[in-house]
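Visitor:
Numbering (our numbering), first residue to last: 444 to 781.
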């Protein structure tokens with residue numbers, strides 16, 4: 444017996460206690476790619492867990508991007524959306540960060556329907572951007588929900604599995620997304636090991652505690668100095684700055700703020716002891732010469748940034764902004780406005 448045949452026999456043996464699912468995967472981004480990779484690794488016997496994936500095909504909205512690049516490298520069949528699912532071809536559809544409404548006909552074409560990996564504890568944060576809204580709201584606890592895909596309404600299917608995950612106290616969206624993608628992919632594989640039983644026990648979502656997580660818009664990045672707290676602005680920057688610009692106005696000109704300083708560093712800067720202007724209002728800005736920071740007063744304290752750009756000007760450091768703009772403006776008039 445050859446080495447190759449021994450490997451094949453070993454793989455078949457590891458699969459014998461579990462059905463080999465014919466999976467149709469729907470995904471669109473790096474978050475969904477994590478789940479796709481784990482399913483494919485399981486299919487090929489690259490994981491230490493029992494194999495449960497027999498065949499794997501992928502549906503994408505566009506024939507480019509991280510999902511398609513991966514399918515090409517791994518020689519996985521990819522279909523472009525919209526794709527009419529043939530009957531008696533797939534056991535289960537797996538939907539991860541796809542963003543399109545799948546018809547009841549396509550759902551029912553799969554033997555066990557379709558399941559969705561959603562990065563929140565549903566019914567909290569139904570919608571396109573649950574990770575963003577989790578960080579924006581300052582939630583201390585979130586999690587992963589695996590639900591059935593319901594036709595006509597997003598994120599309303601029955602709960603198949605849920606796993607609670609504490610939210611790190613200071614985490615930006617890319618790091619949080621990567622963490623939740625990994626947890627979600629592992630929970631998905633666990634679900635597939637006992638799929639029929641878990642589906643039979645799936646329960647409706649609670650009618651209480653429903654919150655919405657709409658997609659990120661550029662308006663979300665606009666700072667309201669009179670109403671936003673320091674803590675909220677820290678959360679805002681960590682949650683949305685990878686999607687939209689953090690913006691304000693300087694003398695009527697649009698401004699973008701970059702490289703926000705951590706709250707701990709700002710405490711050590713002792714801005715209140717340095718500013719000499721009395722009766723400061725929200726939006727007042729002060730250049731910290733020692734730390735080279737642009738410090739801005741908000742509702743209940745200070746936030747700071749290292750870089751800034753103003754319409755018709757290049758992106759510049761806080762020092763450049765101080766030399767080119769602040770020093771030319773009377774101290775009592777150095778205000779950003781919402």
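From the three backbone atoms N, C-alpha and C, an ideal C-beta is built for every residue, glycine too.
(1) Check this for me: beta carbons of residue 625 and residue 477, under 8 Å apart or not?
(2) What residues in its chain sit with their C-beta under 7 Å from that of residue 641, if we drop five residues either side in the sequence?
(3) Would residue 506 pass as a contact of residue 523 if the rule is Cβ separation under 8 Å?
(4) Cβ atoms of residue 533 and residue 553: under 8 Å apart, would you say?
(5) Would you mind stating whether residue 728 and residue 778 have Cβ atoms separated by less than 8 Å?
(6) Is it buried or exposed for residue 494, if we count other Cβ within 10 angstroms and need 16 for buried?
(7) Taking 6 Å as the limit between beta carbons, can you name the residues of its chain near residue 668, skipping five residues before and five after?
(8) On the DSSP letters alone, give me the boundaries of the beta strand (DSSP E) that residue 749 sits inside.
(9) In the DSSP assignment, the alpha helix (DSSP H) including residue 634 goes from what residue to what residue?
(10) Residue 499: which of 594, 535 and 569 sits nearest, CA to CA?
(11) From residue 467 to residue 661, what distance separates their C-alpha atoms?
(12) Does the separation of the CB atoms of residue 784 and residue 589 fall below 8 Å?
(13) Only counting the same chain, and skipping five residues up and downstream in sequence, which positions put a Cβ closer than 6 Å to that of residue 526?
(14) Give a yes or no on whether the C-beta atoms belonging to residue 655 and residue 569 are separated by under 8 Å.
(15) Which whole runs of the beta strand (DSSP E) in the segment 504-565 are 3 residues long or more, in chain order?
(16) Check whether the segment 694-707 and the segment 749-763 are in contact - that is, three or more C-beta pairs closer than 8 Å.
(17) Taking its Cβ as the centre, do 16 or more other Cβ atoms sit within 10 Å of residue 710, making it buried, or is it exposed?
(18) According to the Cβ coordinates, are residue 496 and residue 464 closer than 8 Å?
Guide: For this structure:
(1) yes
(2) 603, 604 and 634
(3) yes
(4) yes
(5) yes
(6) buried
(7) 725, 726, 741 and 781
(8) 745-753
(9) 616-636
(10) 535
(11) 34 Å
(12) In the structure displayed, the chain extends from 444 to 781; residue 784 sits before or after that span and is not available.
(13) 502
(14) yes
(15) 520-523, 535-539 and 557-561
(16) yes
(17) exposed
(18) yes
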